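Taking it in order: structure first as structure tokens, then the write-up.
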Amino acid sequence: MDKCVLIKPNLSFKDDIQDFRKGYSVRPDERRKGYAKMMLADCLNICKLYGLEKVLITCIQGNEGSKGTILANGGIYESTIYCEPDDVYLERYWIHI
1 MDKCVLIKPN LSFKDDIQDF RKGYSVRPDE RRKGYAKMML ADCLNICKLY GLEKVLITCI
61 QGNEGSKGTI LANGGIYEST IYCEPDDVYL ERYWIHI
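The sequence shown begins at 1 in the UniProt record's numbering and counts up one residue at a time.
This is the structure:
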């Protein structure tokens, strides 16, 4: 059987174009091969098509894979905030596109 790579990009905009959600997941045995980096880059290209000049992206504190993906796409750390509904700390990064 041929090897299959599972990637799942997700980019959704809310009514206010400035507010969107992005997500990506890569099958565990295919991680650390640059797929998440490429998916985020594609999401940023879509944001650029919508006229955005920068986006705020967050990741859960301690999620080094997601943090690395954000940094690899030009993320600049802004702050860490507590997200009470989810009981997690989120690291916030700006990416200029």
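Beta carbons: idealized from backbone N, C-alpha and C, even for Gly.
Please read all numbers here as calculations on a predicted model, not as lab measurements.
What do you get for residue i, buried or exposed, if any count of 16 or more other CB atoms within 10 angstroms of its CB means buried?
{"i": "residue 59", "result": "buried"}
{"i": "residue 93", "result": "buried"}
So residue i and residue j are supposed to be a Cβ contact under 8 Å. How far apart are they, rounded?
{"i": "residue 36", "j": "residue 80", "result": "Contact doesn't hold; Cβ gap of about 21 Å is too wide."}
{"i": "residue 91", "j": "residue 67", "result": "7 Å"}
{"i": "residue 89", "j": "residue 61", "result": "4 Å"}
Compare the Cα-Cα distances from residue i to each of the options and report the closest residue.
{"i": "residue 56", "options": "65, 40, 64", "result": "40"}
{"i": "residue 74", "options": "65, 64, 63, 95", "result": "95"}
{"i": "residue 64", "options": "38, 32, 27", "result": "32"}
Touch test, the stretch 39-53 against the stretch 84-92, Cβ-Cβ under 8 Å, three pairs minimum: no
Continuous alpha helix (DSSP H) assignments of at least 4 residues falling wholly in the UniProt domain "N-acetyltransferase" (23-67): Counting only runs of at least 4 residues, the UniProt domain "N-acetyltransferase" (23-67) fully encloses the following alpha helix (DSSP H) elements, listed from N- to C-terminal order: 35-49.
Unbroken stretches of the alpha helix (DSSP H), 4 residues or longer, contained in the stretch 63-95: 64-72
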